[in-house]
Every structure is written in C-alpha cells, then in structure tokens.
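S.K.: Have a look at the structure that comes next, please.
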Amino acid sequence: MLELRPILSALWRHKISALLIALQLGLTLAIVSNALVVIDERTERISRPTGVAVEDINTFGYLAIPKDYDKFEAFRLDLDMIRALPGVASATISNHVPLSGSGSSSGFYTEPNMEVGATAANFYTVDEHFIEALGMNLVAGRGFSPEEIMQVGATSSERPTVAVVTQRLADEMFPQGNALGNAIFRGGDDHPIEIVGIVERNLGPWPNSPIAGRGVFYPAIMDQWFTYIVRAEPGQRDAVLKLVEEKLAERDPNRVINSDTLEEQKDQYYAGDNTMVKVLTAVVILLTFIVALGVVGLTVFWITQRQKQIGVRRALGATRTAISRYFLLENLIIATTGILLGFAAAQIFNGFLVSEFNQPALPLTVTLACALALLGVSLAAALLPALRAANISPATATRSV
Amino acid sequence: MLKMHNIRKSYRTDTIETHALRDFSLEVNEGEFVSVTGPSGSGKTTFLNIAGLLETPTGGQYLLDGEDVSSLNDNQRSRLRNEKIGFIFQGFNLIPDLNLFDNIDVPLRYRGFNAKERKKRIEKVLEQVGLSARARHLPAQLSGGQQQRVAIARALAGEPRFLLADEPTGNLDSLMARQVMELLEFINEWGTTIVMVTHDPDLARRAHRNIQVVDGQVSDLQRTAAPTAVEIA
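In order, the protein sequences belong to chains A and B.
Residue numbers for the first sequence follow the numbering used here, beginning at 43 and rising by one.
Residue numbers for the second sequence follow the numbering used here, beginning at 240 and rising by one.
As structure tokens, then:
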C-alpha cells in the first residue's frame, strides 16, 4: 500500500533539505533542456547538407615570388597537370572556397537599375569544371562551356553574360519557377546575366549567415583571387593532397604553395559551434551527474538517519519491498516537485535566451523528455540506497544504539 | 501459543563466535502473561527477537500458534509479524515525523486495511489508551508515559494475539511505569498473550510466570500468579 500521506508528513518536517534537492533538479531541468535545444540546433547546423563533396575535396593556393608572374598561364598548366594525376576526379579554379569563411557577396535584382530590394547572394568565379569539381548536382539547364570562361585581370572591365545559380536563389528571385533563361542584374546596373543552369545546393563560404545557400557562379577566372579546388576519387583525398603539392612545387618552384582539405576548413568554420556543442554536452552530463550524486547523498543520509525507524517499520510488518518502495516514492515526490518547478523555470529561461540571445525556442516535448529522463536518473540514483535500506534488519528496532 | 524447542542462536565474526541462546526451550500458553528476566547479556533480547520473528534462530524449532516458523522466508515472516505479533519497545520507537494517528496507522497500512477500517481501529485504540484528544500531536509533544501508551496502542491496533514487550517501563518514572503495567495487565485480561522482558523484579512478579534467562538458557521458571483459564483447560 502506498504511504503517500505519511511520506508527505515526513517530508514536510524535512522540507529544507527536500526543497534543496527539488530545486537542484528543477534548475538542472531548466539548464539541461535549454542546453539540449542549443546542442540540437548547432548539431543540425553542422551536419546539414552542404551541396558539395566535402570529404573528397582539397584546395590549393600559391604565392608567386616573381613580380611579373603569368598567373593565367600558370593556371592552365597547373590545372592540366592536376587533372591528369591519378586519383583526381576533377579540378577547377575559383575565387573562393565554399565553407571556408572567406568569400564575396553582392546584391542581385530581377530588373535593371534597381537600388532597393536586392537579394543578397554569394558569388564565385569558376571555370567550366566547377560543378564536377565541387561535386554539386545540376538540377536544371547546363554548366559552362570552355568558350564562356573569361580571364578577369586587375584592370579588366569585362562582365559575365551567363551564370549558374543555386536552387534557393532561383526560388527566391523567381518564385514562379521560371529562373532558367531569365536574367539577373548585379548591384543595380543594367547588364543582364542570363541564368543558364541551376545547382541543387551550395551553402556558400558562410554557412551560418542569412545568405547561406544563395549562390551565383560566373564563368570567369580572376588572377587576384584564386584557389584550385581538386576533388579526389573517393578515399584518395589525402594521397591526392600530397601528390598535388609535390607536383605543383615540382612544376614551378618559384612559388609558395598552401593546401588544405575542405573538411578541415569546414571544421574551422564550425569550430565555435563544435565547441559550444562539446561544452554544453559536458555541462549536461556534469549537471546530471551532480544531481544524481545529490539524490544518492540525500537518500543515503536519510536512510542512515532513519535506520532505527526502518527497523521499527520492518518489525511492525513492512516487507523489504515496502521499505524500498517508501524511499523510492519519497524520491519520486521530491523529483516531481523539482521537475514541476524546473518546467516553469525552463520556459522562463528559454524566453530570456530567445529574446536576448536569439537562441532557438524550447519545445514542450523536449522539456517533457528531459523531465522524464531526469525523473529516471533521480529514481535510478535512489534505487541502490533504497535497496540497501530494505536490508536493514527488523531486529534494529530492539537495539538500544 | 509459543513453543520453542532447543533454540540456538550464535553470532559469528571473523575471530569469534558468540552463543546468545543455547538449547533454549520454552512454552507459552495462550492468554498467559510471562515475564522474562536475567542479567545483561544473558540472551533476553535475542529470545525476544526470535520470538518476534525479528531474527532467525541458528537451530532448533519454533512453533508460533502451531505453525513452524523456522523455515519461513522474509516476506512470510513480515506478514506473520504484522498479523499476529504486537511490539512494545523500551524506547517507544515512535516515528518522530508522524503524528499519533499516523504512527498507529503504520502497521495497519502494511496489513492492507482500507482507510475506513484503519481509522476505526486507530480511534478505538487511542480511546483505550486515553489519548483520543492527542491524535494529531507529534510524539515529541507527549510525555514518556503517553508515548509508551501510543506505542501500546500501535501494538494493539492490529489486534494481535501475541504481544512482545521489551522493557516497556525502562524509560519511565515509577508512576508512569505503574500505569503502563496496569494497561498491559488490562490487555492481558482481554485475552492477549504477553511476553515481557524486564529488569524490574517487582514488575516481573506481576506476571503469571517469570522466566529467568542465564547464559542463553532458561535457568528458572517461577509461577508468580494464578494460572489462566486457558492454561487450566
């Protein structure tokens, strides 16, 4: 038979210590549920599809030592050489690398000479191999032909006439779905750039920015900003990185080569998010552990304090199960009180985080799941002491000490 | 009611084995009031613990109300304690966090009575011990004598056939001790078998029979009062 009323009476007589544990549980629930939402949001952000073959791509740049270095000629020779190397699936040259945290953006319009209402988007200058080299998926239209690729120097005024855009940009600028074949205008001028192709996705150089996913690719090679993007055959990335480095240095030793994997650049970009996830995960684990320790400590303390009382209860007919059940029920009452307080605290705390720090809203289901998990932790923490309490001999009742 | 034959109880540590009871044999008839005396360490409390199913004997046979309880498991012993035995402890052993009503309620809850039945029984026994007006008081708000009366009420509430009292007046002054003893005698007159462990020779003499325990064995049996009707039968 449940001893709810006697337990409540006993708890009322020890309300401070019971309330402290309840508050600890409540506070843990408020922090843990909010932390889990942030962890979930950051994890989702890190793991969302990028639109490019991150795990297979290496990037290479160089700094030429001679002042009159012919970069365009070097690009041609380098890329021809790279594409012929074993393990290389494709290679392109681009002004920026996706997911790297370094890029260019501009405002685009659907009409010429507009000054307000631009759609901000990242833009890249690339050669005709860019779709394959980045591992993107062309969903409409075409890529670029070799003849369309312009060489854009420091003083060049030539502007592209065609572009490939991402699906997101196409959908946002042309909600009717007629982006292909239509023109966009950059920065309020009257020069039309025809959309000849649409790729499924490209998060761009700043995946955490509001313009992530809006991308425009121009058929152009710039000698001021350039990086070779080399996609290796699956599983060949590291070997290709080493090989391309060697061959670039071998082909022309008058330059300083730098290289990186796209995965490392992505990791660097998301370092803050990753750190946040790790720190918050540690906080969640630590808080849960501390609250479990608190429950164990209080239960053990109360059992030690009430050893004689347990013996008396056993003498009066309590079975071992009844004794364990008593302490588990007592724990359940404390935990439920704490969790109810924590439920409210979690929502208030989340309201503050949403309004002040633009953090994600806390769904009730998450708080509920956390509450149930904490309840489980609390009961599990109390289980062993409760089982030990059941082993107290009924003969304790007749002992004078 | 209670029949012990060659009961042995020993406690073993890493280095020493202590024989608390040795070939302890005793028979207590229904309706009897038996006092148990003996020097400290003689085995009185061990006898009481075994008689009350609080401990199991190392050997021997123990029949309680005709049932061999030597081989019962823990749950069966708990149930039997609850149904057939009432305990009165020297230190009262009331639960300090619970008021008198809830203290008396403890064994009744384990018995599985419904709330109405429990309330009826609690009110009845509180009336019997003259503490009806104090039902919502905490033990700490009562005198020692009143606390022992509550403990007696708790022992009686389940209407046990067998009452075990461990130094029931040990913590009381002489006036309160006399009142408690009178209450026990009154309970016995109503048919409850009582075994009382005591150091007090005056109290021991008030029982029907006095058992002297020395070195874990019954050393002397003295008739101190007229035998009960049950015993004659």
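We treat Cβ as the ideally placed atom computed from N, Cα and C, and that holds for glycine.
1) With 9 Å as the C-beta to C-beta threshold (strictly closer), list the residues of the segment 69-102 of chain A near chain B in chain order.
2) Residues of chain A with CB closer than 8 Å to the CB of Arg350 (chain B), please, in chain order.
3) Does chain B have any CB closer than 8 Å to the CB of Lys57 (chain A)?
4) Kindly say whether Asp336 (chain B), judged by its beta-carbon, lies nearer than 8 Å to any beta-carbon of chain A.
5) Does DSSP put Val328 (chain B) in a helix, in a strand, or in coil?
6) Quick one: residues in its chain with C-beta nearer than 8 Å to the C-beta of Glu287 (chain A), no 5 flanking neighbours on either side, listed in chain order?
7) Between the alpha carbons of Ile471 (chain B) and Thr432 (chain B), how many angstroms are there, rounded?
8) I want to see whether chain A comes within less than 8 Å of Ser317 (chain B), judged by CB atoms only; does it?
9) Count the CB pairs spanning the segment 417-435 of chain A and the segment 384-400 of chain A that are closer than 8 Å, and state whether there are at least three.
10) Below 8 Å on C-beta distance, what does Val326 (chain A) contact in chain B?
11) Is the beta carbon of Glu200 (chain A) less than 8 Å from the beta carbon of Gly185 (chain A)?
12) With a threshold of 8 Å between beta carbons, is Arg367 (chain A) in contact with chain B?
13) In whole angstroms, what separates the C-alpha of Ala395 (chain B) from that of Gly325 (chain B)?
14) For Asn433 (chain A), which of helix, strand or coil comes out of DSSP?
15) Return the CA-CA distance between Val469 (chain B) and Asn268 (chain B), expressed in angstroms with no decimal places.
16) Just to make sure I have the definition right: I need the residues of chain A whose C-beta is within less than 8 Å of the C-beta of Asp304 (chain B). Which are they?
17) Smallest Cα separation from Gly330 (chain B): which of B:Asp405, B:Lys363, B:Ile343 and B:Leu311?
18) So, with DSSP's three-state summary, where would you put Ala262 (chain A)?
19) Assign Met415 (chain B) to one of three DSSP states: helix, strand, or coil.
20) Can you give me the C-alpha to C-alpha distance between Ala221 (chain A) and Leu245 (chain A), rounded to a whole angstrom?
21) Suppose contacts are defined by Cβ-Cβ distances below 8 Å. Is His384 (chain B) in contact with Gln418 (chain B) by that definition?
22) Do you know offhand how far Ile253 (chain A)'s Cα is from Pro140 (chain A)'s?
23) What is the DSSP secondary structure of Asp307 (chain B), reduced to helix, strand or coil?
24) Mind pulling the chain A residues with CB within less than 7 Å of Asn314 (chain B)?
25) Once you ignore the five residues that flank Ala465 (chain B) on each side, which residues in its own chain have a CB closer than 6 Å to its CB?
26) Tell me whether Gly409 (chain B) counts as near the ligand NAD, meaning its Cβ is closer than 7 Å to at least one heavy atom of that ligand.
27) Spatial neighbours of Ser75 (chain A) within its chain, please: CB distance less than 7 Å, with the 5 preceding and 5 following residues excluded, ordered by chain position.
28) Alpha carbon to alpha carbon, what distance is there between Thr363 (chain A) and Thr467 (chain B)?
29) Does the beta carbon of Glu45 (chain A) come closer than 8 Å to any beta carbon on chain B?
30) Are the C-beta atoms of Gln389 (chain A) and some chain B residue less than 8 Å apart?
31) Report yes or no: is there a C-beta of chain A within less than 8 Å of the C-beta of Thr284 (chain B)?
32) Can you list, in chain order, the residues of its chain with a C-beta nearer than 7 Å to that of Thr257 (chain B)? Leave out the 5 residues immediately preceding and following it.
33) Do you know how far the Cα of His447 (chain B) is from the Cα of Arg388 (chain B)?
34) Just checking: is the beta-carbon of Pro48 (chain A) within a distance shorter than 8 Å of some beta-carbon in chain B?
35) How many whole angstroms separate the CB atoms of Ala95 (chain A) and Arg273 (chain A), which I take to be in contact at a CB cut-off of 8 Å?
36) So, Thr92 (chain A) versus Ile271 (chain A), is the Cβ gap smaller than 8 Å?
M.R.: Looking at the atomic coordinates:
1) none
2) Along the second sequence, read from residue 1 onward, the residue named residue 350 (chain B) stands at position 111. Under the 8 Å cutoff, chain A gives Gly359.
3) Taking the first sequence and counting its residues from 1, one reaches residue 57 (chain A) at position 15. Judged by the 8 Å Cβ criterion, Lys57 (chain A) is not in contact with chain B.
4) Position 97 of the second sequence, counting from 1, holds the residue named residue 336 (chain B). Interface residue, yes.
5) As a first step, residue 328 (chain B) must be located in the second sequence, where it is residue number 89. Note on residue identity: the sequence assigns Phe, not Val, to residue 328 (chain B). Coil at Phe328 (chain B), not helix or strand.
6) By one-based count along the first sequence, residue 287 (chain A) stands at place 245. So the list reads Phe102, Ile299 and Ser301, once near-sequence residues are dropped.
7) The residue you call residue 471 (chain B) lines up with position 232 of the second sequence. The residue you call residue 432 (chain B) lines up with position 193 of the second sequence. The predicted model places Ile471 (chain B) with a pLDDT of 36, which falls under 50 and marks its position as unreliable; any figure quoted below should be read in that light. One C-alpha to the other measures close to 15 Å.
8) On the second sequence, residue 317 (chain B) is found 78 positions in, with the first residue counted as 1. Yes, Ser317 (chain B) counts as interfacial toward chain A.
9) no
10) As a first step, residue 326 (chain A) must be located in the first sequence, where it is residue number 284. Neighbours of Val326 (chain A) on chain B: none; closest Cβ ~35 Å, over 8 Å.
11) On the first sequence, position 158 is the one that residue 200 (chain A) refers to. On the first sequence, position 143 is the one that residue 185 (chain A) refers to. Cβ atoms of Glu200 (chain A) and Gly185 (chain A): not closer than 8 Å.
12) The count along the first sequence starts at 1 and reaches residue 367 (chain A) at position 325. So no, Arg367 (chain A) is outside the interface.
13) For this step, residue 395 (chain B) is matched to residue 156 along the second sequence. For this step, residue 325 (chain B) is matched to residue 86 along the second sequence. Note on residue identity: the sequence assigns Leu, not Ala, to residue 395 (chain B). Answer to the nearest angstrom: the Cα atoms are 6 Å apart.
14) Taking the first residue of the first sequence as position 1, residue 433 (chain A) is located at position 391. In this structure, Asn433 (chain A) counts as coil in the three-state DSSP scheme.
15) Locating residue 469 (chain B) in the second sequence gives position 230, where the first residue counts as 1. Locating residue 268 (chain B) in the second sequence gives position 29, where the first residue counts as 1. Low confidence applies to Val469 (chain B): its pLDDT is 42, below 50, so where it sits in the model is not reliable enough to give any reading.
16) Counting from one through the second sequence, the residue named residue 304 (chain B) turns up at place 65. Here the premise fails: no neighbours, minimum Cβ distance about 16 Å.
17) As a working mapping, residue 330 (chain B) is identified with position 91 in the second sequence. Closest by alpha carbon: B:Asp405.
18) For the purposes of this step, residue 262 (chain A) is identified with residue 220 of the first sequence, where counting begins at 1. Note: Ala262 (chain A) maps to strand in three-state DSSP.
19) Here residue 415 (chain B) refers to the residue found at position 176 of the second sequence. Helix at Met415 (chain B).
20) Reading the first sequence from its first residue, position 179 is the one you call residue 221 (chain A). Reading the first sequence from its first residue, position 203 is the one you call residue 245 (chain A). If you take the alpha carbons of Ala221 (chain A) and Leu245 (chain A), they lie about 19 Å apart.
21) Looking up residue 384 (chain B) in the second sequence gives position 145. Looking up residue 418 (chain B) in the second sequence gives position 179. Just to set this straight, residue 384 (chain B) is Gly in the shown sequence, not His. Taking 8 Å as the Cβ cut-off, Gly384 (chain B) and Gln418 (chain B) qualify as a contacting pair.
22) Numbered from 1 along the first sequence, position 211 holds the residue referred to as residue 253 (chain A). Numbered from 1 along the first sequence, position 98 holds the residue referred to as residue 140 (chain A). One C-alpha to the other measures close to 13 Å.
23) Residue mapping note: residue 307 (chain B) aligns to position 68 of the second sequence, counting from 1. Note: Asp307 (chain B) maps to strand in three-state DSSP.
24) Numbered from its first residue, the second sequence carries residue 314 (chain B) at position 75. Going along chain A in sequence order, the residues near Asn314 (chain B) (Cβ under 7 Å) are Thr361.
25) Translated into positions along the second sequence, residue 465 (chain B) becomes position 226. For Ala465 (chain B), the pLDDT reaches just 49, beneath the cut-off of 50, and the residue's location in the model is therefore unreliable, leaving the point undetermined.
26) Because no ligand of any kind appears in the structure shown, any question about the ligand NAD cannot be addressed here.
27) Locating residue 75 (chain A) in the first sequence gives position 33, where the first residue counts as 1. Excluding residues within five positions, the ones whose Cβ falls inside 7 Å are Ala388, Leu404, Val408, Thr409 and Cys412.
28) On the second sequence, position 228 is the one that residue 467 (chain B) refers to. On the first sequence, position 321 is the one that residue 363 (chain A) refers to. Any reading at Thr467 (chain B) needs caution, since the residue's pLDDT is 46, under 50, leaving its predicted position unreliable; the model's value is listed next. Answer to the nearest angstrom: the Cα atoms are 40 Å apart.
29) The residue you call residue 45 (chain A) lines up with position 3 of the first sequence. Output row for Glu45 (chain A): interface = yes.
30) Taking the first residue of the first sequence as position 1, residue 389 (chain A) is located at position 347. Not closer than 8 Å to any Cβ of chain B, the Cβ of Gln389 (chain A) fails to qualify, so no.
31) Here residue 284 (chain B) is taken as the residue at index 45 of the second sequence, counted from 1. Thr284 (chain B) counts as touching chain A.
32) Numbered from 1 along the second sequence, position 18 holds the residue referred to as residue 257 (chain B). Here the set comprises Ser249 and Tyr250.
33) Position 149 of the second sequence, counting from 1, holds the residue named residue 388 (chain B). Position 208 of the second sequence, counting from 1, holds the residue named residue 447 (chain B). Near 22 Å, if we compare the C-alpha coordinates of His447 (chain B) and Arg388 (chain B).
34) On the first sequence, residue 48 (chain A) is found 6 positions in, with the first residue counted as 1. At least one chain B Cβ lies under 8 Å of Pro48 (chain A).
35) Along the first sequence, one-based indexing puts residue 95 (chain A) at 53. Along the first sequence, one-based indexing puts residue 273 (chain A) at 231. Confirmed, Cβ separation roughly 6 Å.
36) Against the first sequence, residue 92 (chain A) aligns to sequence position 50. Against the first sequence, residue 271 (chain A) aligns to sequence position 229. No. Outside cutoff.
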